[in-house]
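Chains as they are written, first to last, in the UniProt record's numbering: chain A, 1 to 453; chain B, 1 to 453.
Protein chains: 2
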Amino acid sequence: MTSPDLSAHLDRDVAQQELFDLLRIPSVSADPAYRADVRRAADWLQAKLSGLGFAARVDDTPGHPVVYAERQDAPGKPTVLIYGHYDVQPEAPLEEWVTPPFEPTVRDGRIYARGSTDDKGQAFAHVRGVELLLSRGALPVNVKFLLEGEEEVGSPSIVPYLQAHAEELKADVIVISDGSRFAQGVPTITYGLRGLSYVEILVQGANRDLHSGSYGGAAPNPINALCEIIAALKDDQGRVTIPGFYDGVEPLTAQEREMWASLPHDDAEFAASIGVSALPGEAGYSVLERIWGRPTLDVNGIWGGYQGEGSKTVIAAKAGAKVSMRLVPGQDPARITSLIQEYVPKIAPAGVTVEVRNHHGGQPMRFSTESPSIRAANRALRRVYGRDAVFARTGGSIPIVAAFAEILKTEVLFVDMGLNEDAPHSPNESFAVQDFENGILTSAYLLQELGRE
Amino acid sequence: MTSPDLSAHLDRDVAQQELFDLLRIPSVSADPAYRADVRRAADWLQAKLSGLGFAARVDDTPGHPVVYAERQDAPGKPTVLIYGHYDVQPEAPLEEWVTPPFEPTVRDGRIYARGSTDDKGQAFAHVRGVELLLSRGALPVNVKFLLEGEEEVGSPSIVPYLQAHAEELKADVIVISDGSRFAQGVPTITYGLRGLSYVEILVQGANRDLHSGSYGGAAPNPINALCEIIAALKDDQGRVTIPGFYDGVEPLTAQEREMWASLPHDDAEFAASIGVSALPGEAGYSVLERIWGRPTLDVNGIWGGYQGEGSKTVIAAKAGAKVSMRLVPGQDPARITSLIQEYVPKIAPAGVTVEVRNHHGGQPMRFSTESPSIRAANRALRRVYGRDAVFARTGGSIPIVAAFAEILKTEVLFVDMGLNEDAPHSPNESFAVQDFENGILTSAYLLQELGRE
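Shown next as structure tokens:
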């Protein structure tokens with residue numbers, strides 16, 4: 001049976017306008033000032049899904065709400081749980097946005113807005129994919145939507161939620177679209193994620209800011225000390241020096257290294273795309289291997305002393321940095337956090353005191369590339385893109401995936417719609433109009449193909 | 001001839017109220033927003049000196065104005081030029097002030113306000129010292145006041161000003177009070193100052209902020225890179241590693257080391273006074289030697305990436321730090337700045353670009369301890385404190401002093417009134433009421449003693 005081409009039935013303009021309505025809601029989960037807006041986005045999605053005939057509701061949590069919706073159109077057919085998040089990253093630095101982050105604007109075929117790719121554009125593409133199928137008849141599978149509002153802050157409420165609703169959330173496969181394809185025109189199935197350990201290192205020197213003339217040369221300087229600590233966390237081969245950090249790291253398989261080496265990746269193009277002259281990292285590994293399959297450490301923010309205009313000759317009382325480590329299968333985030341909490345005080349220079357505070361973490365994951373769901377996904381992607389998907393792991397972390405594996409014990413299928421140039425987490429985040437439309441079709445075809453398994 | 005005790009004639013309350021009026025003017029030279037207030041402080045001083053019978057005027061410069069005033073009461077007697085500055089440091093961090101920085105408040109016998117010790121309290125003590133003498137008759141010497149408004153930003157306008165007014169500014173000695181005595185109850189004559197080289201190191205990574213999952217392990221991280229650069233600027237013996245940094249450094253003399261070793265300084269008390277457990281620095285030198293006679297390097301501010309609440313998994317596009325080096329006789333600030341500008345790009349890790357920008361500098365200085373003016377100063381201090389002064393060098397820098405030496409070719413006499421616990425440059429800067437009053441008496445007696453040479 002040939003599968004009908006649904007693209008002629010896709011109402012592009014209405015889909016885009018509705019997405020814009022969702023993008024206009026500044027659902028920033030990290031900042032308490034936006035709490036009401038986060039809820040507003042949840043309510044909007046509940047109303048939309050309700051309008052499509054779903055039993056849809058907004059469930060409160062100790063944090064931001066969860067939107068849950070289901071339609072049981074197909075008894076005896078698989079149940080597909082579509083997960084996404086409707087919260088977004090903070091917009092800072094605001095002054096670098098060309099158009100305002102919460103006023104979606106199309107430029108050069110791309111939709112510019114905070115959340116356009118991460119994750120509203122992709123999650124809403126599934127909603128419109130379902131709507132497209134409904135315009136042709138009943139859904140070919142049972143569909144459930146689980147849309148949360150805390151992914152950007154580590155999903156702190158999701159574990160209790162999954163435990164409380166495990167029965168209701170039962171499904172044959174969980175579909176997630178919250179990342180990037182390998183390249184333009186290249187459909188990608190992601191079969192692995194890095195994990196995350198995120199800490200804040202706080203360094204205290206004197207009990208007040210000091211005049212650097214009266215005290216320089218004798219008083220400990222917490223900024224200098226913080227720099228020494230951070231510099232000591234990696235060696236000159238790009239390896240993290242924290243004792244025990246690499247214990248249990250699952251090595252890359254020969255098959256993976258071959259598969260990735262054959263992808264159309266070019267170091268010079270990659271470097272040029274982000275405007276750098278070199279791509280430093282762990283010796284002995286290619287760029288893709290380092291991003292997809294090796295752990296690393298990055299400072300995400302640093303502060304201390306006088307940052308204003310001009311000069312101030314002060315020895316600050318304190319300094320701090322946000323440090324995150326991306327982890328790979330074999331590493332446990334809680335253990336890694338303990339290791340760095342033990343190590344930093346040992347390497348801190350004399351005269352300062354240090355504190356290492358924990359932020360949220362996330363488990364690394366790796367799945368099989370042979371399941372029926374993955375084959376169904378590949379067929380769906382072939383219908384949209386005219387070619388097979390590539391299999392990649394991603395450098396990012398999605399904390400909820402480990403929770404899905406442990407609590408719901410359901411396979412997770414990643415079918416990402418975005419591209420790296422979307423620049424999620426950066427100013428001027430965008431999502432190509434074409435990628436949004438392909439995403440809607442991918443969703444519709446995926447549900448059809450999953451209904452054939 | 002015995003010298004009369006003037007303390008009975010000192011109108012303490014009026015002097016304090018007038019100082020408060022001056023302290024209320026937020027004359028922050030580093031911030032263009034306060035430009036009009038800086039001028040207002042200049043006008044205030046001109047009016048005050050004019051009211052004391054001085055020919056007083058406010059001279060414009062390309063930056064902030066200079067107040068110049070003179071009274072030629074004593075033909076044939078020495079001419080004393082009193083230098084001070086009426087501009088103040090920025091108040092940041094504002095939230096740490098117990099009472100507002102520009103609302104002078106007395107607590108525990110101390111005047112809390114930005115500028116109370118650095119330098120309004122000390123400069124105005126000289127104005128009141130002159131007023132005290134005038135209440136008893138004519139001045140015993142010719143007195144000139146040179147009060148500038150840019151000391152906290154490196155006095156950029158002063159060199160052209162001195163050159164243009166060299167004839168008018170001729171004097172036998174220049175008196176400066178803008179620092180600290182060695183300890184409570186210990187009169188101090190400062191015979192040396194450290195110099196200053198101040199730069200800003202800016203590091204650029206990618207052409208935009210990046211998602212640390214998608215790029216971590218391959219993209220250069222300018223914050224990590226900046227930390228590596230800063231950590232590499234000093235070795236584990238506390239020595240600065242910049243090649244050529246120590247060339248020509250004048251060593252401490254045996255006499256200096258003995259003299260300072262005999263001062264009532266205690267490392268444990270010093271450490272406790274700033275709330276630290278250790279006083280790390282250059283190996284082989286005592287604390288006083290390191291602060292007064294050895295060069296050093298401190299980071300005064302650092303920034304990059306996400307500094308807000310919560311977490312953000314970003315690899316920032318850029319980072320920066322303000323770095324200053326205190327210098328000693330034998331080091332030239334312009335040369336030191338060139339050395340660090342050459343060195344930083346060499347030690348920068350691969351993948352980032354760096355820029356080292358120059359801020360203001362200042363020459364290190366050291367004077368003889370045997371001149372007639374210094375003997376006069378010691379006699380004046382003995383009348384106030386009942387004991388001889390100690391001779392110390394200071395860790396701070398006053399850029400104008402080199403300009404005085406080169407352009408006006410006049411001896412500079414430092415008679416400081418403050419104490420380290422005044423916390424200049426910090427929040428909750430203060431100046432003891434007793435120290436302000438002792439300063440007024442010191443000024444009056446100093447002019448009398450200089451008139452006897």
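For glycine and all other residues, C-beta sits at the position ideal for the given N, C-alpha and C.
Does any C-beta atom of chain B lie closer than 8 Å to the C-beta of A:H360?
Chain B contact via Cβ: present.
Is the Cβ-Cβ distance between A:V314 and A:L202 less than 8 Å?
Taking 8 Å as the Cβ cut-off, A:V314 and A:L202 do not qualify as a contacting pair.
Enumerated in chain order, which unbroken segments of the beta strand (DSSP E) with a length of 3 residues or greater are wholly contained in the segment 311-368 of chain B?
318-327 and 353-362
Simplified DSSP state of A:M1, which is helix, strand or coil:
Any answer about A:M1 is weak, because its pLDDT of 49 lies below 50 and its placement is not dependable; what the coordinates show is given next. A:M1: coil per DSSP, three-state reduction.
Residues of chain B with a CB under 7 Å from the CB of A:T296: which are they?
Neighbours of A:T296 in chain B, taken as residues whose beta carbon is under 7 Å from its own, are G216 and G217 in chain order.
Short Cβ contact (8 Å threshold) for A:G305 with A:I223
yes
Just tell me which of B:F145, B:D37, B:R136 and B:A183 has its CA closest to the CA of B:A123.
B:F145
Of the residues B:L196, B:R107 and B:S212, which one's Cα is nearest the Cα of B:A334?
B:L196
Rounded to the nearest angstrom, what separates A:A232 and A:M325 at their Cα positions?
15 Å
Label residue 459 of chain B either buried or exposed according to how many other C-beta atoms from any shown protein chain fall within 10 Å of its C-beta, with 16 as the threshold for buried.
Look at the range of chain B in this structure, 1 to 453, and you will see that residue 459 of chain B is not part of it.
Who are the near neighbours of B:N221 in its chain, counting only those whose CB is closer than 7 Å to its CB and skipping five residues on each side?
G205 and I315
Does the distance from the C-beta atom of B:L10 to that of B:I440 stay below 8 Å?
yes
On the CB-based measure, 16 or more other CB atoms within 10 Å of its CB, does B:N428 come out buried or exposed?
buried
Express the C-alpha separation of A:A403 and A:R379 in angstroms, rounding to a whole number.
28 Å
Count Cβ pairs between the segment 144-162 of chain A and the segment 241-248 of chain A that sit closer than 8 Å; are there 3 or more?
no
Three-state secondary structure (DSSP) at A:D422?
helix
Which residue or residues does DSSP assign as beta-bridge partners of A:Y83?
A:Y83 is bridged to A:L146 and A:I176.
Beta-carbon separation (whole angstroms), B:H360 vs A:S311, contact threshold 8 Å
7 Å
Would you say B:S373 reaches chain A, if we count a Cβ-Cβ gap shorter than 8 Å as a contact?
Taking Cβ atoms only, chain A never reaches closer than 8 Å to B:S373, which makes this a no.
C-beta neighbour in chain B for residue 478 of chain A, strict 8 Å:
Past the boundaries of the shown model lies residue 478 of chain A; chain A is included only from 1 to 453, so the question cannot be answered.
Could you have a look at A:E70 and say whether DSSP puts it in helix, strand or coil?
A:E70 sits in a strand when the DSSP states are folded into three classes.
Just to confirm, is the Cβ distance from B:A321 to B:L226 under 8 Å?
In this structure, B:L226 lies closer than 8 Å to B:A321 by Cβ.
Listed from N- to C-terminal order along the chain, which residues in the segment 119-131 of chain A have their beta-carbon within a distance smaller than 7 Å of any beta-carbon of chain B?
none
Residues sharing a beta bridge with A:D59, DSSP
A:V66
According to DSSP, is A:W260 helix, strand or coil?
helix
Would B:H9 pass as an interface residue toward chain A - the criterion being a Cβ-Cβ separation below 8 Å?
no
Minimum C-alpha distance to A:V390 - residue among A:A377, A:E152 and A:G308
A:A377
Do A:I176 and A:Y86 have their C-beta atoms closer together than 8 Å?
Inclusion of A:I176 and A:Y86 in the CB contact set at 8 Å is not warranted, their separation being larger than that value.
Thinking C-alpha only, which one of A:P349, A:D13 and A:D266 is nearest B:D236?
A:P349
Say yes only if the C-beta of B:D43 is nearer than 7 Å to one or more non-hydrogen atoms of the ligand GTP, and no if none qualify.
You won't find the ligand GTP in this model; it holds no ligand whatsoever.
Residues near A:I407 in its chain [Cβ-Cβ closer than 8 Å; skip 5 each side]:
V159, L162, Q163 and A166
Could you give the first and the last residue of the continuous beta strand (DSSP E) run that contains A:Q163?
Segment I158 to H165 is the alpha helix (DSSP H) holding A:Q163; no beta strand (DSSP E) there.
Buried or exposed: which applies to A:G351, given that a residue is buried once 16 or more other Cβ atoms fall within 10 Å of its Cβ?
The residue is buried, with at least 16 neighbouring Cβ atoms inside 10 Å.
According to the neighbour-count rule (16 or more other Cβ atoms, all chains shown, within 10 Å of its Cβ), is A:V130 buried or exposed?
buried
Counting Cβ pairs, one atom from each stretch, are 3 or more of them under 8 Å apart for the segment 266-283 of chain A and the segment 175-193 of chain A?
no
Using 8 Å as the limit for Cβ to Cβ distance, is B:Y198 near chain A?
yes
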